[in-house]
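Each step along the sequence shown adds one to the number in this note's numbering, with nothing skipped, and position 296 is 372.
Okay, structure first, notes after.
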Amino acid sequence: MTTIQTSMPGAGKVIPRSSAWDRLRINRNWLALWFMLPAAAFLLLFLAYPLFLGVWMSFTDDRIGRGGVFVGLENYEWLKDDSIFWLSVFNTLLYTIVASAIKFAVGLYLALLLNRHMPFKALIRAAVLIPFIVPTVLSAIAFWWIYDSQFSIISWSLIKMGLIDHNINFLGDSNWARASVIFANIWRGVPFVAITLLAGLQTVSPSLYEAATLDGATSWQRFRFITYPLLTPIIAVVMTFSVLFTFTDFQLIWALTRGGPVNATHLMATLSYQRGILSGRLGEGAAIATAMIPFLLAAIAISWFGMQRRKWQQGTDND
Numbered sequence: 077m078t079t080i081q082t083s084m085p086g087a088g089k090v091i092p093r094s095s096a097w098d099r100l101r102i103n104r105n106w107l108a109l110w111f112m113l114p115a116a117a118f119l120l121l122f123l124a125y126p127l128f129l130g131v132w133m134s135f136t137d138d139r140i141g142r143g144g145v146f147v148g149l150e151n152y153e154w155l156k157d158d159s160i161f162w163l164s165v166f167n168t169l170l171y172t173i174v175a176s177a178i179k180f181a182v183g184l185y186l187a188l189l190l191n192r193h194m195p196f197k198a199l200i201r202a203a204v205l206i207p208f209i210v211p212t213v214l215s216a217i218a219f220w221w222i223y224d225s226q227f228s229i230i231s232w233s234l235i236k237m238g239l240i241d242h243n244i245n246f247l248g249d250s251n252w253a254r255a256s257v258i259f260a261n262i263w264r265g266v267p268f269v270a271i272t273l274l275a276g277l278q279t280v281s282p283s284l285y286e287a288a289t290l291d292g293a294t295s296w297q298r299f300r301f302i303t304y305p306l307l308t309p310i311i312a313v314v315m316t317f318s319v320l321f322t323f324t325d326f327q328l329i330w331a332l333t334r335g336g337p338v339n340a341t342h343l344m345a346t347l348s349y350q351r352g353i354l355s356g357r358l359g360e361g362a363a364i365a366t367a368m369i370p371f372l373l374a375a376i377a378i379s380w381f382g383m384q385r386r387k388w389q390q391g392t393d394n395d
């Protein structure tokens, strides 16, 4: 801090002059920045640094136990001709699109149902949360027994009902395996969508529905012109997280199938782990993981630009 000497009457009085840093330090407009710095440091250390390190490794031939050298796009050129990689891309997109769509439809239905007045509503809400709060690996083990080729409760029930005459090999057939892991992901993800949308429904004023009912609006019209427009910003956020969680799913697939049979359920995340950690080719595994980034950025961009539209938030067209 510096001082200045005045030449006014009463000279000799020293007036302190604050430095730029002192003014910045006490400026209320910068208060939010100071509070955000610890969180920003945490994100940079544990999120940004591993991300950039992984991207850098994708341009090297790193292996477990020895350092690598820069090889440019060699890993990506190798993936371009890798049929298993493209199969994992197809599996990931199929898994994400189908599971996310069904989770949204079922979750929205449950949210609308739980928003009504019904007996034991609090107990039902708690029960809906159970699939989401159970650890993923425990859920996978439970489904592993449900899908067992010899002791499956599903096969046993269908045989008893006379619908089939032999056990279904859920995790041994490619198509059945894809359907099985998608169903397991839906079972785990529906509670997150349902409870979050239910929280959004709680913010809609009942007076809007009362006014619409007095005007003769049907149930569909109330949903179409009141519930959906007001719930759309919440839907955008929920579906963004749902797509990101589904696209990057690892635990459920790895515990259930390890990517089998014959790579039929390999996602990009599981293939990256297999190539990078189990096979020791860190550079190739990092390249597969880096290839996931454009898909994730596209999902975030769709949600971001969609939320900026005024008609999503106000139920009207853009000005």
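Cβ atoms here follow ideal geometry from the backbone N, Cα and C, with glycine treated the same way.
Quiz item: Does the pairing of the segment 279 to 299 with the segment 225 to 237 give three or more beta-carbon distances under 8 Å?
Solution: no
Exercise. Determine the direct distance from the alpha carbon of F321 to that of L129, and round the result to whole angstroms.
Key: 22 Å
Quiz item: Which whole-angstrom value describes the C-beta separation of V266 and L328, a residue pair presumed to lie in contact below a C-beta threshold of 8 Å?
Solution: At roughly 14 Å, the Cβ-Cβ gap does not stay under 8 Å, so V266 and L328 are not in contact.
Self-check item: Nearest neighbour of I240, chosen from S215, W232 and F246 [CA to CA]
Solution: W232
Quiz item: Relative to the alpha-carbon of L188, which residue among L127, G276, E150 and M344 has its alpha-carbon at the smallest distance?
Solution: G276
Self-check item: Span of the alpha helix (DSSP H) around Y285
Solution: P282 to L290
Quiz prompt | Outcome for D157 when other beta-carbon atoms lying within 10 angstroms are tallied against a minimum of 16 | solution = exposed
Exercise. Please classify W330: is it buried, with 16 or more other beta-carbons within 10 angstroms of its beta-carbon, or exposed?
Key: buried
Quiz item: Given T272, which residues of its chain have a CB within under 6 Å of its CB, disregarding the five upstream and five downstream residues?
Solution: V314
Quiz item: How many angstroms separate the CA atom of S215 from the CA atom of P207?
Solution: When rounded, the distance between both Cα atoms is 8 Å.
Practice problem: Tell me whether Q278 is buried or exposed, calling it buried when 16 or more other Cβ atoms sit within 10 Å of its Cβ. | Solution: exposed
Quiz item: Between the C-alpha atoms of I222 and H242, what's the straight-line distance to the nearest angstrom?
Solution: 15 Å
Practice problem: Please work out which residues of its chain come closer than 7 Å, Cβ to Cβ, to A362, disregarding the five sequence neighbours upstream and downstream, and give them in chain order. | Solution: G130, M133, S134 and G352
Quiz item: Are the segment 249 to 257 and the segment 335 to 342 touching, with three or more C-beta to C-beta distances below 8 Å?
Solution: yes
Self-check item: Per-residue burial, L332 [other beta carbons within 10 Å of its own, 16 or more giving buried]
Solution: buried
Quiz item: Who does F146 pair with in a DSSP beta bridge?
Solution: Answer is T136.
Practice problem: Express the C-alpha separation of V257 and V174 in angstroms, rounding to a whole number. | Solution: 11 Å
Quiz prompt | Status (buried if at least 16 other CB within 10 Å, exposed otherwise) for T172 | solution = buried
Practice problem: Note the first and the last residue of the continuous alpha helix (DSSP H) segment covering M458. | Solution: Residue 458 lies beyond the range of the chain shown here (77 to 395); nothing can be said about it.
Exercise. Going by CA-CA distance only, name the one from F161, R201 and I302 that's closest to L274.
Key: R201
Quiz prompt | Limits of the unbroken alpha helix (DSSP H) element including M368 | solution = No alpha helix (DSSP H) holds M368; DSSP gives it neither H nor E.
Quiz item: Would you call the CB atoms of L343 and S164 closer than 8 Å?
Solution: In this structure, S164 lies closer than 8 Å to L343 by Cβ.
Quiz item: Looking at C-alpha atoms only, which residue of R139, N245, F161 and I229 is the closest neighbour of I364?
Solution: F161
Quiz item: For the candidate residues L354, S225 and T316, whose alpha-carbon lies nearest to that of A374?
Solution: T316
Practice problem: Mind checking which residues open and close the alpha helix (DSSP H) that includes I311? | Solution: First-last of the alpha helix (DSSP H) with I311: Y304 to F323.
Self-check item: S348 - DSSP class collapsed to helix/strand/coil
Solution: Here S348 sits in helix by DSSP.
Practice problem: Pull up the CB-CB distance for G144 and G359, whole angstroms please, since I reckon it's below 8 Å. | Solution: At roughly 6 Å, the Cβ-Cβ gap stays under 8 Å, so G144 and G359 are in contact.
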